[in-house]
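K.L.:
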Amino acid sequence: MTQDNVKDNATQTTTASSAQLAIIGIGCLFPQAEDSNTYWTNIREGLDAISDIPATHWRVADYHNLDPKAPDMTYGRRGGFLSEVPFNPMEYNIPPATMEAIDSSQLLGLVATGQALKDAGYGADRNYDRDRVSVILGVTGTLELVIPLAARLGHPHWRSALKDAGVDDSTAEDVVQRISDSYVSWQENSFPGLLGNVVAGRISKQFDLGGTNCVVDAACASSLSALHLASMELATGKSDMVVTGGIDTFNDIFMYMCFSKTPALSPSGDIKPFDSSGDGTILGEGLGIMVVKRLVDAERDGDRIYAVIRGIGSSSDGKGEAIYTPSASGQKKAIKNAYQRAGVSPVSIGMVEAHGTGTKVGDAVEVSALRDIYGTAEKPWCALGSVKSQIGHTKAAAGAAGMIKAALALHHKVIPPTIKVEQPLREVTAGLSPFYLTSHKRPWLARNGQPRRAAVSALGFGGSNFHVVLEEYTPTAARADWDGTVQILPFCAADATALEQMVTQVADILSWKEIRALGAELRASFDTNAPCRLALVIEQKSVLTALCSKALAMLRTQPNSSWSTPDGAWYATGAAPGKLGVLFPGQGAQYTGMLRDLACSFPAILAVLETADRTFGTDSGRSLSDLIYPPTSFSDTDREAAEAALRATDAAQPAIGAVSLGALRVLESFGLAPDAAAGHSYGELTALCAAGRLDESSFHALSRLRGQLMAAGDGDRGSMLAVSAPLADVQQLISDEALDLVIANRNAPNQAVLSGSSAEIARAADACATRKLSCKQLTVAAAFHSPLVADAAVPLLAAMSDIAITAGSLPVYANSCAAEYPTDAGAAAALLAGQLARPVEFVAEIEAMYAAGIRTFVEIGPGSRLSGLVAAILADRPHTAVALDASGGRRSGITDLARCLAQLAVLGHGISLAGWDEGYCPAPQVTGKKPPLTINLSGANYVKPKEKRPAAAPRPSIPTSNATQTFAPVATTTPSATSAAAPLTASVGVSRDVLTESLKVTREGLSALTRIQDETAQLHRRFLEGQDSAAKTIQMLLTQQQTILQGGNITATPAAVPVPVAAPVAASPASVPSDRSDKITEILLAVVSEKTGYPVEMLEMEMGLDSDLGIDSIKRVEILSALQERLPGSPVIGPEHLGSLHTLG
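Numbering (my numbering), first residue to last: -6 to 1138.
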């Protein structure tokens, strides 16, 4: 199918804006990501979150076997697992005693949803119609909790096997109890705690949402299936807002066994979507929640919009092969359907977040379906990827993981990487493929004036296919994309002693959250005019203590002079040392990926690149930004081709200019205000734009033209040779050898560049070798800054006749004369055009700037060559040379920026550090009389610590067989450091028949899973039938409790003849002795603590039974029954006062 056919089909159906949806809130928990900001940072930076199986889940030694066919064993041992999540049960009205009866999906679902609603602006304090808000989530079937609860029901088989083995009843009962202790106990909360639909139910109850409440199961496509249903809920007007997405924490041994026996897991232990060596998937855990509204409503309500959902396509594979075999024809139906509903062509899609599970067959089939719809292309234009390469296959949450990735990519204008691709699948790259893979992030530039668009696929077992089309909401990012992983810590004080005390106080901080909060506080109060100033730059991977230790040592020995340390500390005293000048590099500084981190984080650079793209075009259709930030090259040949394409003069010059100007805009946002500007060779054009002499459009047009003119021409246009020697010696070399060359660049006292014909350059290289002078021939298109390129100056000057050259805001120093540019526009144009054929007198230029009072030189653009030249020119004279791109891309660009800003601020140049990490709000410190009860949860279900049964005395083996077998109960999986100790193993002798029976027990235990739903349904029916009698009991008991606590007259009555007591009346404090009242309170709190799990010290009498403590009707019966037992003789409570009690007191 051609692209034209696709476009025709796609435009047959259009979607009205009223049917489009807006994603306005995001909350998530994924491997090594505690929220959406961390998740996006991990995606953008290509973090691999796959790890070994943690001890909280299951013991690898118990179940691992490299043989995929080994019975009841798995060859998998790695996956993507959630980090511990602090969970306060009281915040969600969940008694701690019930937590092990609630699946982690239900508990953590509350956390992720709370994040999403708060992010959307619909937190607890927002007043909105909650009855019009639905919760529709993707959750697969019953939850992980069903496995241990079902396994616990195997006790009859255990007893039978022990009896058959000749074990006495007492020992058998002890063994059964020890095995049972390995599993959570059944209780009244177990039934709802294991049901998938209650994931949505708990969310609706907790956040008081009154719309539709349900879950959808479409296997690995569950998230997008839920989104599909949510879209229909919104389209019909039944709901105004929907909480949707997917939740899956089911990563226990049962799930690993399922995927092992398919078999779908990777034998190598890694997931490599779309790589030729991909050998299977890796399981992951995750919760992805999105808050979705109709676009028109979101705009009306002023909601922040991450992305727009234009259309959702769905399909079923229909009749085919095995139930889990993917079908390209079925997938294509969903993809076509999505574009028809969206009213856009696949040609407009810039990124596809594919299902991409890492299986060779599955990935190949998916790419085949996509390529049939997307058609062919001379050059790949659409990024293909899968976040599963980073977090694993999160099953029911997989679609949500992809949706959140795509929405945030559109929001931040970044194409994120897909990691672990070394050699792409042939199906991805063969022929005229429209798709490419990138293993590094790329700034996402709009194409052909169209909005950025992305697509997301999710495919489920059973042939369930979904494809979603998304679109950016705004063409420019709202603000910088801060992740907080690099911090500037600036200190200022009246003297060095006070500064030393400040640094000492924070030196031992280890928590990165505390360091980030400290940075925000210090930057807000930093004064560049303070007498003593110190700044530290620290990355999250670094240790603050070590950095402070070195800084303090320097501060104590050099309190009165400026200094710096290589690891990121700068110190200065007094006023700023003179004026500040900015320098811009010329051709030769470029490299692919230059200033990538800044371009992917700061909208200012992206805006400049987009303007440059509009004035640039290649025969192959590639934009300037494509040349600067090409997709990943997977061979040396491709890498060299990418470097060569950017090195070409007609590309290098406009590329360097665009990146440099964008970087200047970033520095200006922090308050950089230079006193003068200059550039090296081509960089002079950038300097003129920086000074306001040229507007941005004219600058890009002249950059493009200058590069084309200098690259044009036939025959030998000459070459250039860099020579490291004193300038006088180089001049002597030319004279002695009668070389027909000019010194094109006087870069430093000991560095020159010769320019002329290729033959003369070859002679010069031989002469340098004879004289043992270091030299290097430069890869350039012509003999720049020599008479050989003088013809290019004529058309350049002619082009400038149509361009306005204004007076500007600051002086610009010229290369060719080392003086300020003239204010007259005509004279300035002539000087700029003539510069092409005249030498660059960089030494004289820097000397002139120094003479004018410039003491701080800031190099803005790729690399740090000019900073090195300044240091060589000025030598020991007081000055500072700072390069924005000091590491040349070898270090984080954000770290380089932080170091540049920190140094300038410490020098006193008026840099505003308050803009660093802008928008970060430290979490408020918890205050109150009672400390919060925090339990660390992971993807594994919570199991409270239990006392270990004492080890039994060794028993002699039963002489029925010579063979012995060790039996070990399944280890308790507690997701915290307080895990119960592993049960003790015992050794008993068994016969072959007993061993066979034991294996049969295992099989029968698993078969119990199929019966559990029938049993739980019956339990539910009996539960409902018992509610009426339970309510009556509660009425009596609660009234009795109120009578006791209010100090009313208490008259004991026979238990066999309950007599309702009169309505309680206010009693005088003297009616019950204070010590008795205190005793009653003590007993009440002890009983509540015992039955709910809340520590006594957290409980207060004014706490609400339901609103604060989550005590339901059944739990109240337990509490009041226990209270009656401990307060014998207390009256029977009548039902008429049941509704009057809402708190413990």
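All residues carry an ideal CB built from backbone N, CA and C; glycine is no exception. Just so you know, these numbers come straight off a predicted model, no measurement behind them.
Which of helix, strand or coil does DSSP assign to asparagine 191?
P.N.:
Looking at the sequence shown, residue 191 is not asparagine but valine. Looking at valine 191 - three-state DSSP - the assignment turns out to be helix.
K.L.:
Name the DSSP bridge partner or partners of alanine 486?
P.N.:
BP columns for alanine 486 point to Cys525.
K.L.:
Between lysine 1025 and serine 1114, what straight-line distance do the alpha-carbon atoms span, to the nearest angstrom?
P.N.:
Residue confidence for lysine 1025 is low, a pLDDT of 48 falling below 50, so the modelled location carries little weight; the figure read from the coordinates is stated next. Cα-Cα distance, rounded: 13 Å.
K.L.:
Need the endpoints of the alpha helix (DSSP H) that threonine 411 sits in, please.
P.N.:
It is not in any alpha helix (DSSP H) - threonine 411 carries neither H nor E in the DSSP assignment.
K.L.:
Just verifying my parser: in three-state terms, what is the DSSP assignment at tryptophan 909?
P.N.:
In the structure shown, tryptophan 909 sits in coil (DSSP, three-state: anything other than H, G, I, E or B).
K.L.:
In the DSSP assignment, what are the bridge partners of asparagine 206?
P.N.:
Paired residue(s): Val128.
K.L.:
Let me check understanding here. Comparing Cα to Cα, which of Gly131, Asp161, Gln99, Trp151 lies closest to leucine 138?
P.N.:
Of the listed residues, the one whose Cα sits closest to leucine 138 is Gln99.
K.L.:
For serine 542, is the classification buried or exposed, using 16 other Cβ atoms within 10 angstroms of its Cβ as the cut-off for buried?
P.N.:
It is exposed - the Cβ of serine 542 has fewer than 16 other Cβ atoms within 10 Å.
K.L.:
Tell me whether the region 413 to 422 and the region 294 to 309 touch, counting them as touching only if at least three CB pairs, one residue from each stretch, are closer than 8 Å.
P.N.:
Result no; under three Cβ-Cβ pairs closer than 8 Å.
K.L.:
Using a threshold of 7 Å, state whether the C-beta atoms of alanine 402 and proline 409 are closer than that.
P.N.:
Yes, the pair counts as a contact, with Cβ atoms nearer than the cut-off.
K.L.:
Per DSSP, what kind of secondary structure is cysteine 761 in: helix, strand or coil?
P.N.:
If DSSP states are grouped into helix, strand and coil, cysteine 761 belongs with the helices.
K.L.:
Indicate the three-state DSSP secondary structure (helix, strand or coil) for alanine 219 in the structure shown.
P.N.:
If DSSP states are grouped into helix, strand and coil, alanine 219 belongs with the helices.
K.L.:
Starting from arginine 71, trace the beta strand (DSSP E) both ways and give me its first and last residue.
P.N.:
Counting along the chain, the beta strand (DSSP E) containing arginine 71 begins and ends at 71 to 73.
K.L.:
Less than 8 Å between the CB atoms is what I'm expecting for alanine 376 and tyrosine 299, so what's the real figure, rounded?
P.N.:
Not really, about 19 Å apart at Cβ, beyond 8 Å.
K.L.:
Which first and last residues belong to the beta strand (DSSP E) in which threonine 566 is found?
P.N.:
Taken as a continuous stretch (DSSP letters only), the beta strand (DSSP E) holding threonine 566 covers 562 to 566.
K.L.:
Out of Ile598, Ala212, Met587, Glu852, state which residue places its alpha-carbon closest to the alpha-carbon of glutamate 677.
P.N.:
Ranking Ile598, Ala212, Met587, Glu852 by Cα distance to glutamate 677 puts Glu852 first.
K.L.:
With the cut-off set at 7 Å, would you say alanine 876 and serine 860 are in Cβ contact?
P.N.:
Yes, they are a contact pair.
K.L.:
Closer than 8 Å by C-beta to alanine 823: which residues in its own chain qualify, once you throw out the five before and the five after it? Chain order, please.
P.N.:
Excluding positions up to five away in sequence, the list reads Leu790.
K.L.:
For asparagine 86, which of Glu1118, Gln1117, Leu1098, Arg1109 has the nearest alpha-carbon?
P.N.:
For asparagine 86, the nearest C-alpha among the options comes from Leu1098.
K.L.:
From leucine 620 to alanine 641, what distance separates their C-alpha atoms?
P.N.:
Straight-line Cα distance between these residues: approximately 10 Å.
K.L.:
Please report the residue range of the beta strand (DSSP E) in which phenylalanine 80 lies.
P.N.:
Segment 78 to 80, the beta strand (DSSP E) holding phenylalanine 80.
K.L.:
Is leucine 537 closer than 7 Å to alanine 562 when the C-beta atoms are compared?
P.N.:
No.
K.L.:
Below 7 Å between beta carbons: does that hold for proline 623 and alanine 635?
P.N.:
Result yes, Cβ atoms of proline 623 and alanine 635 sit closer than 7 Å.
K.L.:
Express the C-alpha separation of glycine 579 and threonine 558 in angstroms, rounding to a whole number.
P.N.:
Threonine 558 and glycine 579: Cα-Cα distance of roughly 29 Å.
K.L.:
Can you give me the start and stop residues for the alpha helix (DSSP H) that serine 860 sits inside?
P.N.:
First-last of the alpha helix (DSSP H) with serine 860: 858 to 867.
K.L.:
Within the continuous beta strand (DSSP E) that includes threonine 558, where are the two ends?
P.N.:
Start and end: 556 to 558.
K.L.:
If distances are taken between C-alpha atoms only, which option among Leu187, Leu227, Phe184, Ala212 comes closest to threonine 205?
P.N.:
For the residues Leu187, Leu227, Phe184, Ala212, the minimum Cα distance to threonine 205 belongs to Leu227.
K.L.:
Jot down the residue ranges of each uninterrupted alpha helix (DSSP H) in the region 581 to 624, minimum 4 residues, whole runs only, in chain order.
P.N.:
Fully enclosed alpha helix (DSSP H) runs of 4 or longer: 589 to 592, 596 to 607, 617 to 621.
K.L.:
Enumerated in chain order, which unbroken segments of the beta strand (DSSP E) with a length of 3 residues or greater are wholly contained in the region 423 to 479?
P.N.:
Whole beta strand (DSSP E) segments, 3+ residues: 446 to 453, 457 to 464.
K.L.:
Could you tell me the distance, in whole angstroms, from the CA atom of serine 261 to the CA atom of aspartate 272?
P.N.:
Distance between the alpha carbons of serine 261 and aspartate 272: 7 Å.
K.L.:
Just verifying my parser: in three-state terms, what is the DSSP assignment at isoleucine 1112?
P.N.:
Note: isoleucine 1112 maps to helix in three-state DSSP.
K.L.:
Is the region 771 to 790 touching the region 821 to 838, taking contact as three or more C-beta pairs under 8 Å?
P.N.:
Touching, yes, given that three or more Cβ pairs across the two stretches are closer than 8 Å.
K.L.:
Glycine 311 to alanine 212, Cα distance in whole Å?
P.N.:
C-alpha separation (whole angstroms): 16 Å.
K.L.:
Pop quiz: serine 76 and glutamine 25 are said to be a contact at Cβ under 8 Å. What is the actual Cβ separation, rounded to whole angstroms?
P.N.:
Sure, about 6 Å apart at Cβ, within 8 Å.
K.L.:
Just to confirm my understanding: we take arginine 287, look at its own chain, exclude 5 residues before and 5 after, and list those with CB closer than 6 Å. What are they?
P.N.:
Excluding sequence neighbours, arginine 287 sits near Leu227.
K.L.:
Between the Cα of arginine 516 and those of Ala944, Thr1136, Tyr913, Asn35, spot the shortest distance and give me the residue it belongs to.
P.N.:
Taking only the C-alpha atoms, the option nearest arginine 516 is Tyr913.
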